[in-house]
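Chemist:
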Amino acid sequence: MSTLEAIETAHATDTDGPATGRRARMPRRRWLLSAAVTACLVSVGVGLGSPANAGVPTAAGLLQAGANQGITDGYPGVIGLVRQGDGTQYVHAGVGNLSTKVPADPKAKFRIGSNTKAFTSTVLLQLEAEQRLSLDDTVARWLPGAVSANGYDGQRITVRQLLNHTSGLPEYAGSAQVSVPYLLNNNPRQAWAPQTLVDIALAQHAPDAAPGEKFGYANTNYVLAGMVIKAVTGADAATEIQRRIIEPLGLRDTSFPTADPALYGNYLHGYVHPVTFYTQDVTVSNVQTYGSAGAMVSTLDDLSAFSRALLTGRLLAPAQMAELKTTVPMDASGTAAYGLGVEHLQLPCGRSGWGHTGAVLGYLSNWLSSEDGTKQVLYANTEFHLIGGTRGQQDTGKAAIDAFCAL
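FYI, in our numbering the residues of the sequence shown are 28 to 434.
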């Protein structure tokens, strides 16, 4: 019996781009939704009463307005999805290809960046349910010597601490050795061994926090998580995610490229602004830079289906569901907390939701879902900024939260 079949049986009876510098944690990636929450708290936003009330904008209308504003702010294309129960509405604005001017298609594929993390954590939680490892195992238990430099010790860091970003490990993307070739995108096929990325991270600086002491977002954690998957199963994270999640859920437009930098079929082109007056097409880009931390490709529909399945227990047994949703504070605001590959947000309208942000060269995406998966808002845009907090990020992020609150 597969893990998914076992879980379904049990429930039937039970139920970002690289930043630079010493402190770099790619804040534009992990803070986008939580920053938008703060923006909503301090702004007069659109009315969020019951959608049945006359004059109150619909969720799809709010998201469409945000997409339109995103184009005004400079995004090439924005797509979005609003789901309530089994009803789905799509929004789109701008173009999916600046050369051909084809409209942005809400059914098109895009790179999901750090939304990959929820897939990676799900595999490790399934492996724990199968008693093949414990999340409280040390990293050194599965990867002897992988974390052993500059004061970092894999014998003191657990798999759980990798998944909730409390390991204290630094961000490898803070190194120019990684960030410069990635951003220039002059060699999309450049090979990056996961251990090489870990070694680069450890060399960034000595520990500034003990394992488990505080939250510190780092892709290094999820690169190591992928290495643990391979150590336990003998197969890489891409293979296990395909077998355990993509195929059982029928996510036909979702993939985990491990070497090929191209996209195929119906996809959005991604862009970056290396300088203010020049837009570069970076659709073909390196996937090994982020691997099990951020290499996957998907669509709004598939990402919606995955997040709903994850939050409603189709992929995880009850004990692992509880672990997935056990959170640590992301900051002092009290509005954002991190579970195992997912974020929990307290919204200004009084609701709460689960979600995550994914930023990778050329693309930025977010998903936000109710606890029971019946209410969802997702969006993606096709531009990568070298700085965080741009007008486009603020406007589209706030629109997504307003739309979710209107459901």
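The beta carbon of each residue, even a glycine, is placed where N, CA and C say it ideally should be.
#1: Compute the distance between the beta-carbons of V118 and G101, then report whether it is under 8 Å.
#2: Using only alpha-carbon positions, find the residue among V150, V369 and R187 that is nearest to E240.
#3: Whole alpha helix (DSSP H) runs in the segment 327–399 with 4 or more residues, listed along the chain?
#4: In chain order, what are the residue ranges of uninterrupted alpha helix (DSSP H) at least 4 long that sit wholly in the segment 116–173?
#5: Less than 8 Å between the C-beta atoms of G382 and T409, yes or no?
#6: Touching or not, the segment 243–259 and the segment 165–172, by the rule of three or more beta carbon pairs under 8 Å?
#7: Restricting to Cα atoms, I'd like to know which of C432, H371 and A426 is closest to V105.
#8: Provide the residue(s) that pair with D308 in DSSP beta bridges, ordered along the chain.
#9: Classify F242 as helix, strand or coil using the three-state DSSP reduction.
#10: Please name the residue or residues paired with T285 in a DSSP beta bridge.
#11: Give me the residue from T316, L160 and N246 with the minimum Cα distance to L347.
#12: Just how far apart, CA to CA, sit V259 and I268?
#13: Which residues in the same chain have their Cβ closer than 7 Å to the Cβ of N177, if we skip the five residues on either side of it in sequence?
#14: When DSSP builds the beta bridges, which residues end up paired with A176?
#15: Spell out a yes or no on whether the segment 357–374 and the segment 115–132 are touching, meaning 3 or more CB-CB pairs, one atom from each, closer than 8 Å.
#16: Is it true that the segment 87–99 meets the segment 278–291, where meeting means three or more beta-carbon pairs spaced less than 8 Å apart?
#17: May I ask which residues mark the beginning and end of the alpha helix (DSSP H) holding L224?
#18: Q96 by DSSP, collapsed to three states: which one?
#19: Pick out whichever of L434, L391, Q403 and R270 has its Cα sitting closest to the Cα of G416.
#20: Can you tell which of G121, F137, T99 and G93 has its C-alpha closest to the C-alpha of V109?
#21: Could you check what DSSP says for T185 in three-state terms: helix, strand or coil?
#22: Give me, in chain order, the residues of the same chain whose beta-carbon lies closer than 6 Å to that of P215; leave out the 5 immediate sequence neighbours on both sides.
#23: For the ligand FMN, any of its heavy atoms closer than 7 Å to the Cβ of E155?
#24: Helix, strand or coil: how does DSSP classify A407 here?
#25: If you check the beta carbons only, do V136 and N393 fall under 8 Å apart?
#26: How close, in whole Å, do the beta carbons of Y199 and T143 come, if the pair is a contact with beta carbons under 8 Å?
#27: Throw me the rounded Cβ distance for the H192 and G243 pair, which I believe falls under 8 Å.
#28: Take the Cβ of N124 as the centre, count every other Cβ of all protein chains shown within 10 Å, and call the residue buried at 16 or more, exposed below.
#29: Which residue from L290, V299 and T147 puts its Cα closest to that of S325?
#30: In this structure, how does DSSP classify G104 when only helix, strand and coil are distinguished?
#31: Report yes if the CB atom of A173 is closer than 8 Å to the CB atom of V225, and no otherwise.
#32: For R271 and Y365, I'd like the C-alpha separation in whole angstroms.
#33: Taking only the alpha-carbon atoms, compute the straight-line gap between G277 and L337 and give it to the nearest angstrom.
#34: What residue range does the alpha helix (DSSP H) around D429 cover?
#35: Classify G297 as buried or exposed, calling it buried when 16 or more other Cβ atoms lie within 10 Å of its own Cβ.
#36: What residues in its chain sit with their C-beta under 8 Å from that of V71, if we drop five residues either side in the sequence?
Modeler: Reading it off the structure:
#1: Result no, Cβ atoms of V118 and G101 do not sit closer than 8 Å.
#2: R187
#3: 327–338 and 345–351
#4: 143–156 and 166–169
#5: Contact flag unset, no.
#6: yes
#7: The shortest C-alpha to C-alpha distance from V105 to any of C432, H371 and A426 is the one to A426.
#8: Y298
#9: coil
#10: In DSSP, T285 forms no bridge with anything.
#11: Here residue 347 turns out to be Gln, not Leu, going by the sequence shown. The residue with the shortest Cα to Cα distance from Q347 is L160.
#12: Their Cα atoms are separated by approximately 14 Å.
#13: Short of 7 Å from the beta carbon of N177, and not among the five residues preceding or following it, lie these beta carbons of its own chain, in chain order: L229, A230 and A233.
#14: DSSP output for A176 lists Y179 as bridge partner(s).
#15: No, the segment 357–374 is not in contact with the segment 115–132.
#16: no
#17: P221 to L229
#18: helix
#19: L391
#20: G93
#21: strand
#22: P288, V311, S312 and N313
#23: The ligand FMN is not part of the structure shown, which contains no ligands of any sort.
#24: A407 falls in the strand class under three-state DSSP.
#25: Checking the sequence, you will find Lys at residue 136 rather than Val. Cβ atoms of K136 and N393: not closer than 8 Å.
#26: The pair is not a contact, with the Cβ atoms about 16 Å apart (cut-off 8 Å).
#27: 6 Å
#28: buried
#29: L290
#30: strand
#31: yes
#32: 23 Å
#33: 14 Å
#34: R418 to C432
#35: Buried, by the Cβ-count rule.
#36: Per-residue confidence for V71 stands at a pLDDT of 28, beneath the threshold of 50, marking its modelled position as unreliable; the derived number appears in the next sentence. For V71, where only same-chain residues beyond five positions count, there are no Cβ hits under 8 Å.
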